[in-house]
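**Student:**
Numbering (our numbering), first residue to last: 268 to 442.
#1: Leaving out the 5 sequence neighbours to the left and right, which residues in its chain are closer than 7 angstroms to residue 327 when beta-carbon positions are compared?
#2: Can you tell me whether DSSP reads residue 368 as helix, strand or coil?
#3: Could you please give the first and the last residue of the uninterrupted alpha helix (DSSP H) stretch that includes residue 362?
#4: On a Cα-Cα basis, can you pick out the residue from 347, 429 and 424 that is closest to residue 312?
#5: If we ignore side chains and look at the alpha-carbon of each, how far apart do residue 295 and residue 438 end up?
#6: Where residue 383 and residue 418 are concerned, what is the direct C-alpha to C-alpha distance, given to the nearest angstrom?
#7: Residues in the same chain with beta-carbon distance under 8 angstroms from residue 356, minus the five sequence neighbours each way, listed in chain order, please.
#8: In whole angstroms, what is the alpha-carbon distance linking residue 427 and residue 322?
#9: Could you compute how far the alpha carbon of residue 274 sits from the alpha carbon of residue 301?
#10: Taking the alpha carbon of residue 316 as the reference point, which residue from 352, 395 and 360 has its own alpha carbon closest?
#11: For residue 413, I'd like the list of residues in its chain whose CB is within less than 6 angstroms of its CB, leaving aside the five on either flank, ordered along the chain.
#12: Mind checking which residues open and close the alpha helix (DSSP H) that includes residue 349?
#13: Let me make sure I understand the geometry here. Which of 364, 334 and 394 has the alpha-carbon closest to that of residue 298?
#14: What distance in whole Å lies between the Cβ atoms of residue 424 and residue 377, which are believed to be in contact at a cut-off of 8 angstroms?
#15: Measuring alpha carbon to alpha carbon, tell me which residue in 314, 325 and 320 is nearest residue 435.
#16: Kindly indicate the opening and closing residues of the alpha helix (DSSP H) around residue 387.
#17: Would you kindly check if the distance between the Cβ of residue 387 and the Cβ of residue 369 is under 8 angstroms?
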């Protein structure tokens with residue numbers, strides 16, 4: 268006699284492994300988002316630190332600031348840089364979006380998926396189907412979603428234009 272646990276393991280094994288292709292798309296989109304978050308962070312640091320240091324140099328030359336004022340200004344600059352690093356570079360890596368979140372981003376950017384991508388990922392997880400659930404429907408859903416995923420590029424989902432604009436401004440500031 269089969270137990271419910273053995274039936275769900277058999278059910279999970281019987282779903283086609285086309286979900287590997289779907290997980291690869293999700294992983295590519297997540298990695299692109301992480302890289303763009305880091306790029307945004309470093310661009311913001313450049314856009315902040317160069318003008319702040321320039322203002323500090325001019326004020327120091329003009330007013331001959333005392334050591335305490337210079338130290339305070341430098342401390343504020345370092346705190347701002349630390350916050351920018353934490354906000355844009357470190358936090359995205361520590362709190363990476365899970366597969367479901369990224370799948371929802373993809374579905375929002377590519378309406379052709381409708382809700383197929385997240386449903387395919389969730390229904391193909393071990394234990395997702397109860398005994399008696401239609402494996403054939405899940406197989407058809409995964410196969411259909413894989414056909415749609417073949418045509419997708421991460422660049423269409425996470426556009427590079429905002430980062431390119433910000434990096435361009437940072438390059439101008441760098442001179």
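The beta-carbon is built from N, C-alpha and C at its ideal position, and this holds for glycine as well. In this text the structure is predicted, and so the values were computed from the model without any measurement.
**Tutor:** Result, derived from the coordinates:
#1: For the purposes of this step, residue 327 is taken as residue 60 along the chain shown, with counting starting at 1. Taken in chain order, the residues that qualify are 337.
#2: Translated into the one-based positions of the chain shown, residue 368 becomes position 101. Helix at residue 368.
#3: Position 95 of the chain shown, counted from the start, is the residue given in the question as residue 362. Counting along the chain, residue 362 falls outside any alpha helix (DSSP H), and DSSP gives it neither H nor E.
#4: Here residue 312 refers to the residue found at position 45 when the chain shown is read from its first residue. For residue 312, the nearest C-alpha among the options comes from 347.
#5: In the chain shown, counting from the first residue as 1, residue 295 sits at position 28. In the chain shown, counting from the first residue as 1, residue 438 sits at position 171. Rounded to the nearest angstrom, the two C-alpha atoms are 27 angstroms apart.
#6: By one-based count along the chain shown, residue 383 stands at place 116. By one-based count along the chain shown, residue 418 stands at place 151. Their Cα atoms are separated by approximately 15 angstroms.
#7: For this step, residue 356 is matched to residue 89 along the chain shown. Counting only Cβ-Cβ distances below 8 angstroms, and skipping sequence neighbours, we find 304, 305, 308 and 309.
#8: For this step, residue 427 is matched to residue 160 along the chain shown. For this step, residue 322 is matched to residue 55 along the chain shown. Cα-Cα distance, rounded: 31 angstroms.
#9: Counted from its first residue, the chain shown places residue 274 at position 7. Counted from its first residue, the chain shown places residue 301 at position 34. Reliability of the predicted coordinates at residue 274 is poor, the pLDDT of 42 falling under 50, and the value obtained from them is presented with this limitation in mind. If I take the Cα positions, the gap works out to 38 angstroms.
#10: For the purposes of this step, residue 316 is taken as the residue at position 49 of the chain shown. When 352, 395 and 360 are compared, the shortest CA-CA separation from residue 316 is found for 352.
#11: Numbered from its first residue, the chain shown carries residue 413 at position 146. Same-chain partners within the cutoff: 285 and 288.
#12: Within the chain shown, the letter at position 82 stands for residue 349. 334-351 is the extent of the alpha helix (DSSP H) around residue 349.
#13: Indexing the chain shown from 1 puts residue 298 at position 31. Nearest of 364, 334 and 394 to residue 298, Cα basis: 364.
#14: If you number the chain shown from 1, residue 377 lands on position 110. If you number the chain shown from 1, residue 424 lands on position 157. Yes, residue 377 and residue 424 are in contact; Cβ-Cβ is about 7 angstroms, under 8 angstroms.
#15: What you label residue 435 is simply residue 168 of the chain shown in a count that begins at 1. Checking every option, the nearest Cα to that of residue 435 belongs to 314.
#16: Reading the chain shown from its first residue, position 120 is the one you call residue 387. Counted as a single uninterrupted DSSP element, the alpha helix (DSSP H) harbouring residue 387 occupies residues 383-390.
#17: Position 102 of the chain shown, counted from the start, is the residue given in the question as residue 369. Position 120 of the chain shown, counted from the start, is the residue given in the question as residue 387. Taking 8 angstroms as the Cβ cut-off, residue 369 and residue 387 do not qualify as a contacting pair.
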